[in-house]
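A.B. asks: My structure is below; once you've seen it, I'll send some questions.
Numbering (our numbering), first residue to last: 60 to 405.
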């Protein structure tokens, strides 16, 4: 991996990464998965397929509504919304395990708590496999984060310091069913084909493992949709809204979407989100520190899928406030079922 490179090589790699992430905003990363991680990925795939093949009552027992503010567990096909439309995917939300005595759990902060796990010997290794995968993804993202800082002429640990002592780490397992399982109430076949419609990720960096199936598309600066070809042994990495906010648009949160065109085959994916600590402020990097880059940002003036102007995020906004407002719109029915608003996000 790049962590074994010389400082000069790291600087060159950082500039190459900046060019990619300030343009299309997506890159594929080679060398991040060594043999041990490839074996781990194979086990993760097998466990994920077994999870989604469970009978509906067993999956319902793991539903997100049972975890309350921890926001963990299974959701059914069509439960998640993007821009008001029901996604044609089912999924499983996970994260770093927090004990009941954790300060943010005690304060009622959303997305903090314990993961629900399917019972039985077939899933005995599921917690350990997910924890090991997330730990490796964190190492990958920490390295990429240092390269992002280098590409901006900042100290390599700039973002690590801004993230705080406890970054927010989220992990998802998504299943995009074959077209024959798509929503029969969709307006037409085109609507039913979208596993998830146009959107940007709301955090900092996303590191995505996919199962080799096509379907992911990203939008370039000219508004064209480009397919991302899955490559064995590589991760797909993209910028989220928070990195665009912090860098004043130099790094671009790129719109993307997923369509499963297969009539019979399913598509699985495993996104890992590496974000700031829950109470960290989202104030952009001071302009003086970015002045050396010059010129307008790559993303300035473009129309966002949700109509939000990221530059208008109020000073002092905390990550928790921003992400909770966004994710509540993704699961409005579930959000209404959760009582009160936690003190920790105010």
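The beta carbon of each residue, even a glycine, is placed where N, CA and C say it ideally should be.
(1) Specify the secondary structure class of residue 386 as computed by DSSP and reduced to three states.
(2) Near residue 188, which residues of its chain fall below 8 Å by C-beta distance, leaving aside the five closest residues on each side in sequence?
(3) If residue 128 and residue 158 are in contact, beta carbons under 8 Å, what's the gap, nearest whole angstrom?
(4) Report back the beta-carbon spacing between residue 340 and residue 377 to the nearest angstrom; my notes put them in contact at under 8 Å.
(5) Got a sec? Which residues, its chain only, sit under 6 Å from residue 86 by beta carbon, not counting five neighbours each side?
(6) Just to confirm the assignment: which complete alpha helix (DSSP H) runs, minimum length 4, are found wholly within the region 289-329?
(7) Using a threshold of 8 Å, state whether the C-beta atoms of residue 148 and residue 277 are closer than that.
(8) Does the pairing of the region 284-292 with the region 221-234 give three or more beta-carbon distances under 8 Å?
(9) In the DSSP assignment, what are the bridge partners of residue 147?
(10) Grab me the residues of residue 151's own chain with a C-beta within less than 6 Å of its C-beta, minus the 5 sequence neighbours each way, in chain order.
(11) Take residue 113 and list the residues in its own chain whose beta-carbon comes closer than 7 Å to its own, dropping the five residues that flank it on each side.
(12) Going along the chain, which residues of its own chain have a beta-carbon closer than 8 Å to the beta-carbon of residue 320, five neighbours each way excluded?
(13) Compute the distance between the beta-carbons of residue 206 and residue 72, then report whether it is under 8 Å.
(14) Specify, as a first and last residue, the run of the beta strand (DSSP E) that residue 88 falls within.
(15) Taking the beta carbon of residue 284 as the centre, do at least 16 other beta carbons fall within 10 Å, making it buried, or is it exposed?
(16) Kindly indicate the opening and closing residues of the beta strand (DSSP E) around residue 278.
(17) What first and last residue would you give for the alpha helix (DSSP H) that runs through residue 407?
(18) Taking 8 Å as the threshold (C-beta atoms), are residue 109 and residue 190 in contact?
(19) Which value, in whole angstroms, describes the spacing of the CA atoms of residue 306 and residue 388?
(20) For residue 84, count the other beta carbons within 10 Å of its own beta carbon; 16 or more makes it buried, fewer makes it exposed. Which is it?
(21) Please determine, among 209, 164, 392, the residue with the shortest C-alpha to C-alpha distance to residue 69.
(22) If you drop the 5 nearest sequence neighbours on each side, which residues of the same chain put their C-beta closer than 6 Å to that of residue 144?
(23) Ignoring anything shorter than 3 residues or poking outside the region 94-146, list the beta strand (DSSP E) runs there in chain order.
(24) Could you compute how far the alpha carbon of residue 348 sits from the alpha carbon of residue 197?
(25) Give me the Cβ distance between residue 396 and residue 124, rounded to the nearest whole Å; I'm assuming they're in contact under 8 Å.
(26) Could you tell me the alpha carbon to alpha carbon distance between residue 67 and residue 89, rounded to whole angstroms?
(27) Please name the residue, chosen from 390, 334, 234, that lies closest to residue 324 on a Cα-to-Cα basis.
C.D. replies: Reading from the atomic positions:
(1) Helix.
(2) Within the same chain, residue 188 has close Cβ partners 99, 102, 103, 106.
(3) The beta carbons of residue 128 and residue 158 sit about 15 Å from each other, so the pair does not count as a contact at 8 Å.
(4) Confirmed, about 6 Å.
(5) Closer than 6 Å at the Cβ level, and outside the excluded window around residue 86, lie 79, 296.
(6) Scanning the region 289-329 from its first residue to its last, the whole alpha helix (DSSP H) runs of 4-plus residues come out as 300-305.
(7) The Cβ atoms of residue 148 and residue 277 do not sit closer than 8 Å to each other.
(8) No, they do not touch.
(9) DSSP lists no partner for residue 147.
(10) Only 133, 232 meet the Cβ criterion.
(11) So the qualifying residues of the chain are 177.
(12) If you ignore the 5 residues before and after residue 320, its C-beta comes within less than 8 Å of the C-beta of 238, 252, 273, 274, all in its own chain and listed in chain order.
(13) Pairing residue 206 with residue 72 gives a Cβ-Cβ distance under 8 Å.
(14) Where residue 88 is concerned, the enclosing beta strand (DSSP E) stretches over 85-88.
(15) By the 10 Å Cβ count, residue 284 comes out exposed.
(16) Counting along the chain, residue 278 sits inside the beta strand (DSSP E) bounded by residues 275-278.
(17) Any question about residue 407 goes unanswered here, given that the chain covers just 60 to 405.
(18) Cβ atoms of residue 190 and residue 109: not closer than 8 Å.
(19) C-alpha separation (whole angstroms): 25 Å.
(20) By the 10 Å Cβ count, residue 84 comes out buried.
(21) Residue 69 has its Cα closest to that of 209, out of 209, 164, 392.
(22) In chain order, 256 place their CB closer than 6 Å to the CB of residue 144, counting only its own chain and leaving out the 5 sequence neighbours on each side.
(23) Scanning the region 94-146 for uninterrupted beta strand (DSSP E) segments of 3 residues or longer gives 132-134, listed from N- to C-terminal end.
(24) Residue 197 has its alpha-carbon roughly 26 Å from the corresponding atom of residue 348.
(25) At roughly 6 Å, the Cβ-Cβ gap stays under 8 Å, so residue 396 and residue 124 are in contact.
(26) Approximately 19 Å, taken between the alpha carbons.
(27) When only C-alpha atoms are compared, the closest one is 234.
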